[in-house]
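Visitor: In the UniProt record's numbering, the protein residues as written are 1 to 614.
All C-beta atoms in this analysis are idealised placements derived from N, C-alpha and C, irrespective of residue type, glycine included.
Before I ask anything, let me first share the structure, which is written out below as structure tokens.
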Amino acid sequence: MKRNNKFFSMLYVVLCLAFFYLPILVTMIFSFNSSKSLTRFTGFSLRWYQELLGNGEVIKAVYVSVTIAIIATIVSTILGTITAIGLSKSKKVIKELLLNINNIPILNPEIVTAISLMLLFSSLGFRKGYLTMLLAHIAFCTPYVITSVYPKVRALDPNMANAAMDLGATPFQALTKVIVPMIKEGIFAGALLAFTMSFDDFVISYFVSGNGVKNISIVVYNMTKRINPTINALSTIVIVVIIVVLLLSNLLPKFKNKARKLNRKAVKIVSVVLVVAVMAGLIKWGFVAQSTHVLKVYNAGEYMDLSLLEDFEKEYDCTIVYETFESNEMMYTKLSSGETYDVLIPSDYMIERLIKEEYLQALDWKEIPNKKNLLNDVMNQSYDPGNRYSCPYFWGTVGILYDKTVVDEADLKDGWNLLCNPKYKGNIYMYDSERDSFMIALKALGYSMNTTNEAEIEAAYQWLINQRDTMDPIYAGDDVIDNMISGNKALAVVYSGDASYIISENPNLDYFTPEQGTNRWYDAMVITKDCSEVQLAHKFINFMISDKSALSNTEEVGYTSTVKSAFETMKEGDYAGISSYIPDTTNPNNEIFAYQQPKIKQKFAELWTKVKAK
1 MKRNNKFFSM LYVVLCLAFF YLPILVTMIF SFNSSKSLTR FTGFSLRWYQ
51 ELLGNGEVIK AVYVSVTIAI IATIVSTILG TITAIGLSKS KKVIKELLLN
101 INNIPILNPE IVTAISLMLL FSSLGFRKGY LTMLLAHIAF CTPYVITSVY
151 PKVRALDPNM ANAAMDLGAT PFQALTKVIV PMIKEGIFAG ALLAFTMSFD
201 DFVISYFVSG NGVKNISIVV YNMTKRINPT INALSTIVIV VIIVVLLLSN
251 LLPKFKNKAR KLNRKAVKIV SVVLVVAVMA GLIKWGFVAQ STHVLKVYNA
301 GEYMDLSLLE DFEKEYDCTI VYETFESNEM MYTKLSSGET YDVLIPSDYM
351 IERLIKEEYL QALDWKEIPN KKNLLNDVMN QSYDPGNRYS CPYFWGTVGI
401 LYDKTVVDEA DLKDGWNLLC NPKYKGNIYM YDSERDSFMI ALKALGYSMN
451 TTNEAEIEAA YQWLINQRDT MDPIYAGDDV IDNMISGNKA LAVVYSGDAS
501 YIISENPNLD YFTPEQGTNR WYDAMVITKD CSEVQLAHKF INFMISDKSA
551 LSNTEEVGYT STVKSAFETM KEGDYAGISS YIPDTTNPNN EIFAYQQPKI
601 KQKFAELWTK VKAK
């Protein structure tokens, strides 16, 4: 019996360790994969480590994450420790009040804290960047330090400091020589927690950063928009560093005398390096606005060939501060909070909203001579008639990607109802998007995807519920790209640009848009009303739609160019057949999303939550 108990105990431990560390091991293995795939190992290669070392954005992000985490840890630990000691000497009423206040930021949802800090910095007129991120990290790390240190202080004899001063110690000596050594375990715990919280943070950092300042979390999040195995290489390096630190922390105590000498030297060296690094960061990011010409560009993540930014800076002797957003709604939130940008690249329905709410200024097309390069089919669309405010960037459709070896070609005539065909039960990826999913249901039922008719919306909701209950679809995001390349499912709802890339990697797949109609989408470049570099903004737009830039951009991103020459060239290259993914502008059932009023948008959101609630 004892042997059985021991066996099951060991098995339990092994399973727990596997559960925790197997994902890390897989990440490390695939960091050496020769291909982009995140699910198929095709051979050993250091390709992604080479790309990582050559990626300036990642290197800068590592610098920002490390320096801010260290400084925030030091400052919050000092503030937290002093506050905890002060609280121990306070009256009971004040003590309980302050402790309860201290718990608010800990219990508060991060997104609320993030938006609150963003609004605070905006109202105070702070230029978002390195300094605002640092202040935000200190603000949310300090309560955790107080929580860690206070129990240790409370456990001390309250007469300890008085006894030390009676023996001749000054108040400062009593603090540093007596009290601090006795609560050092709590201080170290608080410092480690503060460092971890700061280094890992994404939500708060995302909302309070600006001027091109990004930490690792923001850069990695942006990379996840497309298949980017550089993330695996970066993760592996971080894991190795953590392992080395843990090993050193366990080995150094065995060599106490040598370790003390080394520690003193190391502390001095690290302090000097840190001060120099921080000063360099403040000069570079905190005062970037002092450059002669600075253009702030705000775009979706993984949606531009970043080498074009360097080319533009060299050609026009300027600095581009390039930031990325997760969604059009996230972009709107930052813009409406007072954040200033010069050039935005939002989607059609958001452009319509920005025009109505007077966030944009009209383009001076005389300053954009490369307008002649644009395809006629991308101009004069419903979201901006006459292209008064916007210059088309990328365009495409939403359609069905299918495995030709599994899906019967005759079934394609069913259009969107193919996604309800019992033959393909459990073999479907639906795009995890309220807007796109309801578009599919509405089009399948013969309705407009911009309907505001409650009966039609309810019918679309029932279509989605029936599909969910009978077809067992998986609601996926950008991970559908790698899964379809690997052939994990027979059908998937995808954007045309993703379809072109997926098919280039897996020729067994094809893509079509149903005759019932689909979302014909456009993303475009616009100039904000508060733009500080209007002439430079026009030059940037003109630069991006030049033949050379447009080709480089679409080759990097994989989406369909709005520039004639780039579009024609891509048809003959790696994305051959891309013309079949272009919206059929003659099909009256193909529509562009219109801006939704808040009441309608809320209704769609509530119904989508119910669809996914199973």
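What would DSSP say about W608, mapped onto helix, strand or coil?
Guide: Three-state result, W608: helix.
Visitor: Which of the three DSSP states, helix, strand or coil, is assigned to T340?
Guide: Correct three-state label for T340: coil.
Visitor: Quick one: residues in its chain with C-beta nearer than 7 angstroms to the C-beta of G286, no 5 flanking neighbours on either side, listed in chain order?
Guide: Because G286 carries a pLDDT of 49, less than 50, the predicted location of this residue cannot be relied on, and the following value inherits that uncertainty. Around G286: G129, Y130, L131.
Visitor: Considering only C-alpha positions, which residue in the set G487, L175, P369, G168 is nearest to S546?
Guide: Looking at the Cα atoms, P369 is the closest of the given residues.
Visitor: Do Q516 and G426 have their CB atoms nearer than 9 angstroms?
Guide: Their beta carbons are not under 9 angstroms apart, which means Q516 does not touch G426 by this criterion.
Visitor: Where does C318 fall in DSSP's three states?
Guide: Three-state result, C318: coil.
Visitor: Let me check understanding here. Comparing Cα to Cα, which of S31, F207, A139 lies closest to M330?
Guide: Closest option to M330, Cα to Cα, is F207.
Visitor: Would you please state the rounded distance, in angstroms, between the beta carbons of L363 and I527? I believe it to be under 8 angstroms.
Guide: Sure, about 6 angstroms apart at Cβ, within 8 angstroms.
Visitor: In chain order, what residues of the same chain lie with their CB nearer than 8 angstroms to the CB of F325, ignoring the 5 residues before and after it?
Guide: These residues qualify, in order along the chain: Y298, N299, A300, G301, M331, K334.
Visitor: Alpha carbon to alpha carbon, how far is G497 from S580? Give it in angstroms, no decimals.
Guide: Residue confidence is low: S580 scores 46 on pLDDT, short of 50, so the model does not pin down where it sits. Its coordinate-derived value is still stated next. Rounded to whole angstroms, S580 to G497 spans 11 angstroms at the Cα level.
Visitor: Could you say which of I106, V203, I179 lies nearest to L193 if we only look at CA atoms?
Guide: Nearest C-alpha to L193: I106.
Visitor: Helix, strand or coil: which one does DSSP assign to A576?
Guide: In this predicted model, A576 has a pLDDT of only 45, less than 50, meaning its place in the structure is not dependable; the value taken from the coordinates is given anyway. DSSP places A576 in coil when its eight states are reduced to three.
Visitor: To the nearest whole angstrom, what separates the beta carbons of L360 and L509, a pair I think is in contact under 8 angstroms?
Guide: About 39 angstroms separates the two Cβ atoms, so there is no contact after all.
Visitor: Helix or strand or just coil, what does DSSP make of Q597?
Guide: DSSP places Q597 in coil when its eight states are reduced to three.
Visitor: Relative to the C-alpha of A69, which candidate in L306, Y424, L135 has its C-alpha closest?
Guide: Taking only the C-alpha atoms, the option nearest A69 is L135.
Visitor: Report yes if the C-beta of W395 is less than 8 angstroms from at least one heavy atom of the ligand FAD; otherwise report no.
Guide: As far as ligands go, the structure on display features none, and thus does not contain the ligand FAD.
Visitor: For H293 and E533, which I take to be in contact (beta-carbon distance under 8 angstroms), what is that distance rounded to the nearest angstrom?
Guide: H293 to E533, Cβ: 6 angstroms. Contact.
Visitor: Would you call the segment 32-49 and the segment 481-488 touching, i.e. three or more CB-CB distances under 8 angstroms?
Guide: Yes, the segment 32-49 is in contact with the segment 481-488.
Visitor: Looking at the secondary structure, which residues open and close the alpha helix (DSSP H) in which G396 lies?
Guide: Here G396 belongs to no alpha helix (DSSP H); instead the beta strand (DSSP E) covers 390-403.
Visitor: Among K489, Y522, Q467, A605, whose alpha-carbon lies nearest the alpha-carbon of N506?
Guide: That would be K489, whose Cα lies nearest to the Cα of N506.
Visitor: If distances are taken between C-alpha atoms only, which option among I59, I85, F19, P422 comes closest to P171?
Guide: Here the closest residue by C-alpha is I85.
Visitor: Please state the DSSP three-state secondary structure of T513.
Guide: T513: coil per DSSP, three-state reduction.
Visitor: On the criterion of 16 or more Cβ atoms from any shown chain inside 10 Å, does I111 qualify as buried, or is it exposed?
Guide: Answer is exposed; the Cβ neighbour count stays below 16.
Visitor: With distances taken between CB atoms, is the gap from R435 to V611 smaller than 9 angstroms?
Guide: Result no, Cβ atoms of R435 and V611 do not sit closer than 9 angstroms.
Visitor: So T67 is in the alpha helix (DSSP H); what residue range does that whole segment cover?
Guide: Residues 56-88.
Visitor: If I follow the unbroken beta strand (DSSP E) through residue 631, where does it start and stop?
Guide: Nothing can be reported for residue 631, as the shown portion of the chain is limited to 1 through 614.
Visitor: Is it the case that the Cβ atoms of F44 and F30 are separated by a distance below 9 angstroms?
Guide: Cβ atoms of F44 and F30: not closer than 9 angstroms.
Visitor: Tell me where the beta strand (DSSP E) around A300 begins and ends.
Guide: Its beta strand (DSSP E) spans residues 294-300.
Visitor: Less than 6 angstroms between C-beta atoms, sequence neighbours within five positions excluded: which residues of the same chain meet that for G210?
Guide: Excluding residues within five positions, the ones whose Cβ falls inside 6 angstroms are K128, G129.
Visitor: Can you say whether V149 is buried or exposed, counting buried as having 16 or more other CB atoms within 10 angstroms of its CB?
Guide: V149 is buried by the Cβ-count criterion.
Visitor: Answer with buried or exposed for F121, where buried requires no fewer than 16 other C-beta atoms within 10 angstroms of its C-beta.
Guide: Its Cβ being crowded by 16 or more others within 10 Å, F121 is buried.
Visitor: Does the contact criterion of 3 or more C-beta pairs under 8 angstroms hold for the segment 309-321 versus the segment 172-185?
Guide: No, they do not touch.
Visitor: What are the boundary residues of the alpha helix (DSSP H) that includes Y383?
Guide: It is not in any alpha helix (DSSP H) - Y383 carries neither H nor E in the DSSP assignment.
Visitor: Report all residues from its chain with a CB closer than 7 angstroms to the CB of A161; omit the five preceding and five following residues, and keep chain order.
Guide: Cβ neighbours of A161 beyond the five flanking positions: A174, V178, I179.
Visitor: Give the DSSP-derived three-state secondary structure of T147 in the structure shown.
Guide: In this structure, T147 counts as helix in the three-state DSSP scheme.
Visitor: On the DSSP bridge list, what partners appear for E323?
Guide: Y298, per the DSSP bridge assignment.
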